[in-house]
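Asks:
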Amino acid sequence: MAFPPYRGPFGGHQHLASGWARAAPYLHHLPGRAFFRLARPGANEYMSSADSLADMVSVRRTRLTLGRAEQAFGAAGLRIVARRLFLVRPEHTLRYGVPTVGAGPLGALPVLRELAVSGAYYLLASRCS
């Protein structure tokens with residue numbers, strides 16, 4: 000499973016916005032009305048602007064953090080086999096040519112990791128296996 004944690008710099012999926020807002024970190028922490036006024040959903044090769052809006056609304060409603068995800072894994076009977084946290088995700092290397100940067104020791108600090116991590120990757124397995 001891979002996701003950008005909600006409290007991280009791009010956790011609001013603002014990459015789906017059009018214009019400058021797509022590159023503005025932490026913009027999703029603004030109140031809903033202000034966020035959606037600034038981060039107008041755009042269409043891309045995979046989604047219409049209506050689909051982008053639906054995704055952004057869903058992410059905002061869910062607000063999936065690292066802590067909540069890890070609790071949900073346990074509640075679902077899953078164990079974490081491997082976890083990689085990134086300050087700069089591999090997707091950003093592909094999209095923008097910036098180097099991937101792992102979270103390193105920052106990934107072990109509960110509050111800071113929620114704010115700094117831009118991508119979380121988990122390999123999960125059933126507790127029964």
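Note that numbering that gives the first Met the number 0 numbers the sequence shown so that position 29 is 28, with each residue one more than the last. Virtual Cβ for every residue (Gly too), placed ideally from N, Cα, C. Fair warning: this is a prediction, and the values are worked out from it, not measured in the lab.
1. Out of R36, P8, F35, G31, which one is the CA nearest neighbour of A23?
2. Does DSSP classify R112 as helix, strand or coil?
3. Going by alpha carbons, who is nearest to A115 out of A1, Y5, M0?
4. What residues match up with Y95 in a beta bridge as DSSP calls it?
5. Can we say the stretch 26 to 36 touches the stretch 67 to 78, given the rule of at least three CB pairs closer than 8 Å?
6. May I ask which residues mark the beginning and end of the beta strand (DSSP E) holding L77?
Replies: Walking through what the data contain:
1. Comparing Cα positions, the closest option is P8.
2. Note: R112 maps to helix in three-state DSSP.
3. Out of A1, Y5, M0, Y5 has the C-alpha closest to the C-alpha of A115.
4. DSSP lists no beta-bridge partner residue for Y95.
5. The count of Cβ pairs closer than 8 Å, one atom from the stretch 26 to 36 and one from the stretch 67 to 78, stays below three, leaving the stretches out of contact.
6. First-last of the beta strand (DSSP E) with L77: 77 to 87.
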